[in-house]
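Residue numbers (this note's numbering): 28 to 182.
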């Protein structure tokens, strides 16, 4: 299943990402899905603390295992393509320094250094910790085109 979140692209010197993070991130004070990941081989992930690439196994869990690990809202958002209500999430007004991690597997996704207020009601980031730490997918639901951001390890 897909990790729920939305990403819109804006034009700046580099491609700038606006991420509407739902509850798929957790906060920890301490960063493209490869062909290998699609083939159930280790996935290269950048450790934001060391900057080194670490090979990690794809996370495979049953729905029952995910339900035991996640809150009902986290499960709905991350496993069933749900969306939390805008302006309601615990990270919307969160301004402490740190790394936002995947709630499913702990992969470093975004740094607080790239967070900004997009006015959308969800935490927004202009770049991931590392390109290989996220993968994207087109979402054409709700009469609009968006780019969904997913964790490459446990989507």
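C-beta: ideal position from N, C-alpha, C; glycine also.
Please read these numbers as outputs of a predicted model, since none were measured by experiment.
Which residues mark the beginning and the end of the alpha helix (DSSP H) in which residue i is found?
| i | result |
| --- | --- |
| residue 96 | 90 to 96 |
| residue 102 | 99 to 106 |
Roughly how many angstroms lie between the CA atoms of residue i and residue j, to the nearest whole one?
| i | j | result |
| --- | --- | --- |
| residue 128 | residue 162 | 14 Å |
| residue 116 | residue 100 | 11 Å |
| residue 110 | residue 150 | 13 Å |
| residue 84 | residue 124 | 28 Å |
| residue 5 | residue 180 | This structure gives no information on residue 5, because the portion of the chain shown stretches from 28 to 182. |
| residue 62 | residue 70 | Any reading at residue 62 must be qualified, since the residue scores a pLDDT of 42, below 50, and its modelled position is unreliable; no value is offered. |
| residue 136 | residue 178 | 8 Å |
| residue 143 | residue 82 | 30 Å |
| residue 145 | residue 94 | 31 Å |
Along the beta strand (DSSP E) that carries residue i, what are the first and last residues, could you check?
| i | result |
| --- | --- |
| residue 128 | 126 to 129 |
| residue 137 | 135 to 138 |
Please tell me whether residue i and residue j are closer than 9 Å, where the distance is taken between their beta carbons.
| i | j | result |
| --- | --- | --- |
| residue 147 | residue 103 | no |
| residue 122 | residue 139 | yes |
| residue 26 | residue 73 | What the structure shows of the chain is the stretch from 28 to 182, and residue 26 is not part of that stretch, so it cannot be assessed. |
| residue 97 | residue 130 | yes |
Can you check DSSP and say which residues form a bridge with residue i?
| i | result |
| --- | --- |
| residue 80 | 73 |
| residue 166 | 173 |
Which whole-angstrom value describes the C-beta separation of residue i and residue j, a residue pair presumed to lie in contact below a C-beta threshold of 8 Å?
| i | j | result |
| --- | --- | --- |
| residue 89 | residue 156 | That pair is no contact at about 29 Å. |
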